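A.B. asks: Here it is: the structure, laid out below.
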Amino acid sequence: MLRRQAPSQIALGTGIKRKETEDGESTREARTVQLSSRKKAHLNGSGGTQRTSHLKGLPPGMCRMRQPLAVRTSVQDGGDRSSRMSDHEALIKKILSKPFKVPILNYQATEGPRGLGMRRQGVRQPLHDPTEEGALVLFSPPELSAHEQLSVDKEKQPVHVVVDPILSKVLRPHQREGVKFLWDCVTGRRIEGSFGCIMADEMGLGKTLQCVTLMWTLLRQSPDCKPEIDKVIVVAPSSLVKNWYNEIRKWLGGKVNPLAIDSGTKKEIDRNLDSFMRQQGRRTPTPILIISYETFRLHAEVLHKGEVGLVICDEGHRLKNCENQTYQALNGLPGKRRVLLSGTPIQNDLLEYFSLVHYVNQGILGTAQEFKKNFESPILRGRDSCASDKEKQRGQEKLQQLAILVNKCIIRRTASLLAKYLPVKVEQVVCCRLTSMQSCIYQQYVKAMMKECRMKTQGKVSTLSAITHLKKLCNHPALVYDKCVSSKDGFHDMLQNFPPGYNNKQLRPELSGKMQVLDYILAITKTSSSDKVVLVSNYTQTLDVFEQLCRLRGYLFVRLDGSMSIKKRAKVVDSFNNPNSPEFIFMLSSKAGGCGLNLIGANRLVMFDPDWNPANDDQAMARVWRDGQKKRCFIYRLLATGTIEEKIFQRQAHKKALSSCVVDNEEDVERHFSVDELKDLFRFKEGTLSDTHDKFKCNRCINNIQVRLPPNDSDCNSDLSQWNHCADKRGIEDQVLKGVWDTKNVSFVFHHKSHEQIRTV
Numbered sequence: 001m002l003r004r005q006a007p008s009q010i011a012l013g014t015g016i017k018r019k020e021t022e023d024g025e026s027t028r029e030a031r032t033v034q035l036s037s038r039k040k041a042h043l044n045g046s047g048g049t050q051r052t053s054h055l056k057g058l059p060p061g062m063c064r065m066r067q068p069l070a071v072r073t074s075v076q077d078g079g080d081r082s083s084r085m086s087d088h089e090a091l092i093k094k095i096l097s098k099p100f101k102v103p104i105l106n107y108q109a110t111e112g113p114r115g116l117g118m119r120r121q122g123v124r125q126p127l128h129d130p131t132e133e134g135a136l137v138l139f140s141p142p143e144l145s146a147h148e149q150l151s152v153d154k155e156k157q158p159v160h161v162v163v164d165p166i167l168s169k170v171l172r173p174h175q176r177e178g179v180k181f182l183w184d185c186v187t188g189r190r191i192e193g194s195f196g197c198i199m200a201d202e203m204g205l206g207k208t209l210q211c212v213t214l215m216w217t218l219l220r221q222s223p224d225c226k227p228e229i230d231k232v233i234v235v236a237p238s239s240l241v242k243n244w245y246n247e248i249r250k251w252l253g254g255k256v257n258p259l260a261i262d263s264g265t266k267k268e269i270d271r272n273l274d275s276f277m278r279q280q281g282r283r284t285p286t287p288i289l290i291i292s293y294e295t296f297r298l299h300a301e302v303l304h305k306g307e308v309g310l311v312i313c314d315e316g317h318r319l320k321n322c323e324n325q326t327y328q329a330l331n332g333l334p335g336k337r338r339v340l341l342s343g344t345p346i347q348n349d350l351l352e353y354f355s356l357v358h359y360v361n362q363g364i365l366g367t368a369q370e371f372k373k374n375f376e377s378p379i380l381r382g383r384d385s386c387a388s389d390k391e392k393q394r395g396q397e398k399l400q401q402l403a404i405l406v407n408k409c410i411i412r413r414t415a416s417l418l419a420k421y422l423p424v425k426v427e428q429v430v431c432c433r434l435t436s437m438q439s440c441i442y443q444q445y446v447k448a449m450m451k452e453c454r455m456k457t458q459g460k461v462s463t464l465s466a467i468t469h470l471k472k473l474c475n476h477p478a479l480v481y482d483k484c485v486s487s488k489d490g491f492h493d494m495l496q497n498f499p500p501g502y503n504n505k506q507l508r509p510e511l512s513g514k515m516q517v518l519d520y521i522l523a524i525t526k527t528s529s530s531d532k533v534v535l536v537s538n539y540t541q542t543l544d545v546f547e548q549l550c551r552l553r554g555y556l557f558v559r560l561d562g563s564m565s566i567k568k569r570a571k572v573v574d575s576f577n578n579p580n581s582p583e584f585i586f587m588l589s590s591k592a593g594g595c596g597l598n599l600i601g602a603n604r605l606v607m608f609d610p611d612w613n614p615a616n617d618d619q620a621m622a623r624v625w626r627d628g629q630k631k632r633c634f635i636y637r638l639l640a641t642g643t644i645e646e647k648i649f650q651r652q653a654h655k656k657a658l659s660s661c662v663v664d665n666e667e668d669v670e671r672h673f674s675v676d677e678l679k680d681l682f683r684f685k686e687g688t689l690s691d692t693h694d695k696f697k698c699n700r701c702i703n704n705i706q707v708r709l710p711p712n713d714s715d716c717n718s719d720l721s722q723w724n725h726c727a728d729k730r731g732i733e734d735q736v737l738k739g740v741w742d743t744k745n746v747s748f749v750f751h752h753k754s755h756e757q758i759r760t761v
């Protein structure tokens, strides 16, 4: 269709026509060719005479004026020119359709093309692939119907939360379960309005690795496609601060930069803590602070200035008293997400357990007074051997109610899970007879104490002192020699019991029943194997006696107690664990090194004296049977037969039974001891093979001879009544202990093993 021409164009066309008429046909053709040539040059080679064929029959002037439009139209219409350009166009389209290629040799993208420095708009993506084999998915968004997918806002849709594959690949099944539990608790998905929990796994189950996984996940992702938290504080005993730092670096490498504070001036520490608390944003440079309980308490004012996303309290049973300053300092830290780690949440009584639960989830058990009235009192009354049937029933009901409440925020796995990963552990409680000298001093001292008690001249402090003196006497008479010389604290006229010419600076192992047994254990082990031994005691004075024994026998040893610095401890432990190190013995103060130490260089451990708190003994005994151990382990718990040590051990059994019922949620353990029996500490039971075994009224033994084996499902975690009971060396698996028995110093042995060795073809 032709456009209308302006009057000037019409006039111009008429003139041209008149001119053409005068000049003739040849002139018109020449002008047409000339105009076509000009247009061809103008279009840079496009066009040609044949492209104007459709204009024939039109006035010449009009042809000349319409020719540019005709040329453009001819390009759109195709023709020969279009066919010549198709190859070129196809090549250009092919080049432009290729995706951007990274100019790095052999580079292979793991994901689709990503924006260069720009946040992607549209559908959110999880940080890690939830469909990858072995992926640990902590959160999955709800599935949407087709209709819901059309109406949902893609930019606000929640995404999967998936543990970083570098961690999920090394987590064991129970650890994967633990990480999921921790994440559900601290994100408020288990208890509405509560964001804390207690991980009460026994030693060696990898609580640290599970917490590292939790921290890293919260610091990097959430269902909202952003970090859940920006800062974490790990509070631990001073001896474990460096260990936490090393574990974080071990598992995360350079992905995160933790700040460990275990030394420095007050000004330096305040400056570092203030800098940590001021950090804000999606990716803070130092997101993890590791600090000791003591340092936290002293610098709490600085830490209370800002909110912290997550607080982890290692060895959290330190918070068992909600009235002490450390508890108050931690409780005052702004932050709702709290994780408490403790392999032994119940150590002395249920009220301590309340303090731990109250710290992580305040209010779920009521106040301390309400808890004591509603739970502690009826439970303890029901567990007394003298309780009536009604009291037992009510106590059991309250126990079940308490378990239902706390099971939502506490996870507990026993060391039996380690069976498939660790060698067999043989645990042996060895009752050792007192020597005649020890027996005489013991009975004279108890008689003097009872006389003073009847005269009411003894106070509480003196009673505790008397207990300590008796425990030291059971270890070796040398530890009370100075008291006998001075005739102080009830040791009147007892110096005569020591042999003539006795020199306290020269150790005589034969004066102590337990020391003789230890001497035999070390000698037989040294001459029959390449095993190393850890010696543990609650008293540094006893460690001094160990040193005398080692020098007497020529054993190389190292010693760790409270006087050793944190840095020196790490060096000593690393040296001892080296298979090529010459040290045969590692001496350990249970209070100084009971927590966190890894002593897998040894596979035999002697617990020389019991502690009132079973948790301290359990912590110390777990130093050798843990990840990395390759050899069969032997644990020896030495008790002086018929003495206060057996009474302390019985008290431990009572506490463990209580812990089993509340924390482990097991069936009620047999009520072996009454409250009155537990308080009967000073009585010396002469002539017995084992006062503890006598208390059991054991139905598997006749005349102290075991006639029925323990239940098939029992192990080292079972009640002592379900262990093997031996009044002679028959049934003893440990060849070292068999050799010791021939010395007549051992009266009775309880023993069991962690699991049956899995035999491979």
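Numbering-wise, full-length UniProt numbering puts 351 at position 351 of the sequence shown, and it's gapless, one number per residue. C-beta: ideal position from N, C-alpha, C; glycine also. The structure displayed is predicted, hence computed values, not measured ones.
1) I think R637 touches V424, with their Cβ atoms under 8 Å apart; what is that distance to the nearest whole Å?
2) Three or more C-beta pairs closer than 8 Å, one from the region 135-145 and one from the region 160-180: is that the case here?
3) Looking at C-alpha atoms only, which residue of R283, S388, L167, P173 is the closest neighbour of K250?
4) Alpha carbon to alpha carbon, how far is D728 from S754?
5) With DSSP as the reference, please indicate the residues paired to S537 in a beta bridge.
6) Could you compute how far the alpha carbon of D482 sits from the alpha carbon of T435?
7) Out of C432, L464, V426, H469, which one is the CA nearest neighbour of residue 809?
8) Please confirm whether any heavy atom of the ligand MG lies closer than 6 Å to the CB of N538.
9) Would you mind giving the Cβ-Cβ distance between C716 and V707, rounded to the nearest angstrom? I have them listed as a contact below 8 Å.
10) Looking at the strands, I want to know which residues DSSP matches up with R559.
11) Tell me which residues share the same chain as C698 and place their Cβ nearer than 7 Å to its Cβ, disregarding the 5 neighbours each side in the sequence.
12) Let me check understanding here. Comparing Cα to Cα, which of W183, V170, H476 lies closest to S140?
13) Considering only residues of the same chain and omitting the five flanking positions on each side of T414, which have a CB-CB separation below 6 Å?
14) Compare the Cα-Cα distances from L560 to each of T540, P711, Q548 and report the closest residue.
15) Take the Cβ of H147 as the centre, count every other Cβ of all protein chains shown within 10 Å, and call the residue buried at 16 or more, exposed below.
16) Hey, is the region 190-200 in contact with the region 325-341, meaning 3+ C-beta pairs nearer than 8 Å?
17) Leaving out five residues before and five after H317 in sequence, what residues of the same chain have Cβ atoms less than 8 Å from its Cβ?
18) Measuring alpha carbon to alpha carbon, tell me which residue in N374, Q400, E391 is nearest G382.
19) Distance check for L303 and V232, CA to CA, integer angstroms please.
20) Excluding the 5 residues flanking K207 on each side, which residues of the same chain have their C-beta closer than 6 Å to its C-beta?
21) How is E247 classed by DSSP in three states: helix, strand or coil?
22) Roughly how many angstroms separate the alpha carbons of I524 and I404, rounded to a whole number?
23) Along the chain, where does the alpha helix (DSSP H) containing A615 start, and where does it finish?
24) What is the DSSP secondary structure of E756, counted as helix, strand or coil?
25) If you draw a straight line from the alpha carbon of L730 to that of F748, how long is it in whole angstroms?
26) Check the Cβ-Cβ distances between A403 and every residue of chain B, and say whether any is below 7 Å.
27) Would you mind sorting Q149 into buried or exposed? The rule is 16 or more other CB atoms within 10 Å of its CB.
28) Between the region 611-631 and the region 269-282, do three or more beta carbon pairs fall short of 8 Å?
29) Determine the direct distance from the alpha carbon of F354 to that of A368, and round the result to whole angstroms.
30) State the Cα-Cα distance for the pair L319 and I290, rounded to the nearest angstrom.
31) Taking all protein chains shown into account, decide if A653 is buried (16 or more other Cβ within 10 angstroms of its Cβ) or exposed.
32) Counting Cβ pairs, one atom from each stretch, are 3 or more of them under 8 Å apart for the region 631-650 and the region 680-689?
33) Using only the alpha-carbon positions, how far apart do R632 and D531 sit?
34) Where does F296 fall in DSSP's three states?
35) Could you check what DSSP says for M215 in three-state terms: helix, strand or coil?
36) Hey, how far is the Cα of W741 from the Cα of I635?
C.D. replies: Straight from the coordinates:
1) The Cβ separation is near 17 Å, so there is no contact.
2) Contact between the region 135-145 and the region 160-180 is established, with three or more Cβ pairs separated by less than 8 Å.
3) L167
4) 22 Å
5) S589, per the DSSP bridge assignment.
6) Here the alpha carbon of D482 sits roughly 19 Å from the alpha carbon of T435.
7) The requested residue 809 does not occur in the structure, where the chain is confined to residues 1 to 761.
8) Absence of the ligand MG is noted for the structure shown, with no ligands found whatsoever.
9) The Cβ separation is near 22 Å, so there is no contact.
10) M587
11) S721, H725
12) W183
13) E202, N717
14) T540
15) exposed
16) yes
17) These residues qualify, in order along the chain: S342, T344, P345, Q347, E352, L356, A615.
18) E391
19) 12 Å
20) M199, D201, L341
21) helix
22) 50 Å
23) Start and end: 614-621.
24) coil
25) Residue 730 is actually Arg in this sequence, not Leu. Computed Cα separation, rounded: 11 Å.
26) The structure shown contains no chain B, having only a single protein chain.
27) Exposed, since its Cβ has fewer than 16 Cβ neighbours within 10 Å.
28) no
29) 7 Å
30) 17 Å
31) buried
32) yes
33) 10 Å
34) helix
35) helix
36) 16 Å
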